[in-house]
Amino acid sequence: MQMASCLSAGPNARFAKLAISITISLQCVYVATNAYNRNEQETRVDKLVSMEIFVAVVEAGSLTAAAERFDISSAMVGKHIRSLETRLATRLLTRTTRRQSLTEIGRQYYEQCRRILLDVKEAESLAEAMTAAPRGVLKVTVPLTYGVEVFAPAMTDYLNAWPDVSLELDLSNRVIDLVEESFDAAVRIGRLADSSFVARPLKPYRMRACASPEYLARAGTPRTPADLAQHECLGFLHWGREGVWRLNGDAQGESPLRAGRFRANNGQALKVAALRGFGLVLQPEALLAKEIARGELVSVLEDYLPPGAPVHLIYPRDRRATPKLTSFIDFVIERFGA
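Per the numbering used here, residue 23 is the first one in the sequence shown, and the count goes up by one each step.
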């Protein structure tokens, strides 16, 4: 009956029904293709996330530490690792209740993943460079005393100028591998050992010798480095040789001194001791400048102080200049440039 109806309807009706049938079929193919493409895209995204988590597990040392870094459960971290191992048909990690270690394939896969993730970060930086305004997170490492007394106070001005930039400031005397630990820039004091970085000179890091007015009234004011042998000198434990200060004016450039009753591995602690009249202190000008300006400490031996140590802002030579890094470099050079 249906066939007869279709035949009696004529060729136009039959053509219309055929067109509808083809349209429905094409729509089904389109939906199926889109679903496949979405699944493929999600698989690629999941694979990249899994690689990132795998690298974090290796570098953090455990699934739990990696889970904390990504704010997910340890079970989810394990799921990502198993997904990679299933996809690769091999074990990447050997895990026991006490420790985990990389298999040989896992070690090679880890190195490749690191390179891929660095390439992804580089691609993101390149895309970011195409935007007009600086934005994103800047990671910078600065020596402790210089960072606290000089650098950090100025960073609020930089952040006020660029509200879309966030700053992670590592204040420590540890020499950080900028590439290995994904830092954008660093301030280094002293002679640079690695010429593979771009180095922009900043104002020198000068030392000052001083004491409280009370101490000088009691013990007298040293006029030459030789006078230090008659004074209480607060010792800094990080310097290579105890019992000497590196000053100009004597043959060896090292002035023997009488060690004071207080020594420390922290300049702030030595400054406090000097303020309380315990002796002379030799520390960076950045640490002592405010107290000298207020008259709480008195500068001595100014004609014998050594030249300031060189200070540089460094960053990787092959790092593409993003707006956030360019704006940061410009600010630092304007504020602290030599």
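Glycine included, every Cβ here is placed at the ideal spot set by N, Cα and C. None of the values given here were measured: they were computed from a predicted structure.
{"Item": "Proximity below 7 Å, CB of Gly289 to CB of Leu256", "Value": "no"}
{"Item": "Bridge partner(s) assigned by DSSP for Val170", "Value": "Paired residue(s): none; Val170 is not in a bridge."}
{"Item": "Chain-order list of residues whose beta-carbon lies under 6 Å from that of Phe13 (same chain, five-residue window excluded)", "Value": "What the structure shows of the chain is the stretch from 23 to 360, and residue 13 is not part of that stretch, so it cannot be assessed."}
{"Item": "Ser188 - DSSP class collapsed to helix/strand/coil", "Value": "strand"}
{"Item": "Burial state of Val164 (16 or more Cβ within 10 Å)", "Value": "buried"}
{"Item": "Reference Tyr131, options Leu269, Leu297 and Val77, closest by Cα", "Value": "Val77"}
{"Item": "Which listed residue (Gly299, Arg298, Ser218 and Ser321) has its alpha carbon closest to that of Gln305", "Value": "Ser321"}
{"Item": "Outcome for Ala231 when other beta-carbon atoms lying within 10 angstroms are tallied against a minimum of 16", "Value": "buried"}
{"Item": "Validate contact between the stretch 323 to 338 and the stretch 200 to 215 using beta carbons, cut 8 Å, 3 pairs", "Value": "yes"}
{"Item": "3 or more residues per run - each beta strand (DSSP E) lying fully within the stretch 284 to 318", "Value": "303 to 306"}
{"Item": "Backbone CA spacing between Leu302 and Leu193 [nearest angstrom]", "Value": "27 Å"}
{"Item": "Assumed close pair Leu140, Pro244 - CB separation to whole angstroms, cut-off 8 Å", "Value": "Between Pro244 and Leu140 the Cβ distance is about 54 Å, and since that is not below 8 Å, they are no contact."}
{"Item": "Where the beta strand (DSSP E) through Phe219 begins and ends", "Value": "Phe219 to Tyr227"}
{"Item": "At least 3 beta-carbon pairs within less than 8 Å: the stretch 346 to 353 vs the stretch 184 to 201", "Value": "yes"}
{"Item": "Unbroken beta strand (DSSP E) run spanning Arg113, endpoints", "Value": "Note, Arg113: premise wrong, no beta strand (DSSP E); not H, not E."}
{"Item": "Delimiting residues of the beta strand (DSSP E) encompassing Val322", "Value": "Val320 to Val322"}
{"Item": "For Ile75, three-class secondary structure by DSSP", "Value": "helix"}
{"Item": "Chain-order list of residues whose beta-carbon lies under 8 Å from that of Leu200 (same chain, five-residue window excluded)", "Value": "Thr163, Asp206, Ala207, Ala208, Phe219, Ile336, Tyr337 and Pro338"}
{"Item": "Exposed unless 16 or more other CB atoms sit within 10 angstroms - verdict on Ser217", "Value": "exposed"}
{"Item": "Cut-off 8 Å between Cβ atoms - residues of its own chain near Ala174, not counting five sequence neighbours on either side", "Value": "Val164, Leu191 and Leu193"}
{"Item": "Strand pairing of Val164, partner residues [DSSP]", "Value": "Leu193"}
{"Item": "Contact under 7 Å by Cβ, His253 with Ala241", "Value": "yes"}
{"Item": "Those residues which DSSP pairs with Ile336 across a bridge", "Value": "Ala208 and Ala221"}
{"Item": "Three-way DSSP call (helix, strand, coil) for Leu347 in this model", "Value": "helix"}
{"Item": "First through last residue of the alpha helix (DSSP H) which encompasses Leu214", "Value": "First-last for Leu214: undefined, no H or E at that position."}
{"Item": "Residues near Ala82 in its chain [Cβ-Cβ closer than 7 Å; skip 5 each side]", "Value": "Ala88 and Arg91"}
{"Item": "Opposing strand residues paired with Cys232 [DSSP bridges]", "Value": "Val303 and Ser321"}
{"Item": "Secondary structure of Arg357, DSSP reduced to three states", "Value": "helix"}
{"Item": "Delimiting residues of the beta strand (DSSP E) encompassing Leu256", "Value": "Glu254 to Phe258"}
{"Item": "Beta-bridge partners of Gln122, as assigned by DSSP", "Value": "Arg117"}
{"Item": "For Thr86, the first and last residue of its enclosing alpha helix (DSSP H)", "Value": "Leu85 to Phe92"}
{"Item": "Own chain partners of Gln122 with C-beta closer than 6 Å, once the 5 adjacent residues on each side are dropped", "Value": "Leu115"}
{"Item": "Supposed contact pair Val354 and Pro226 - C-beta distance, whole angstroms, cut 8 Å", "Value": "Rounded, the Cβ-Cβ distance is 15 Å, inconsistent with contact."}
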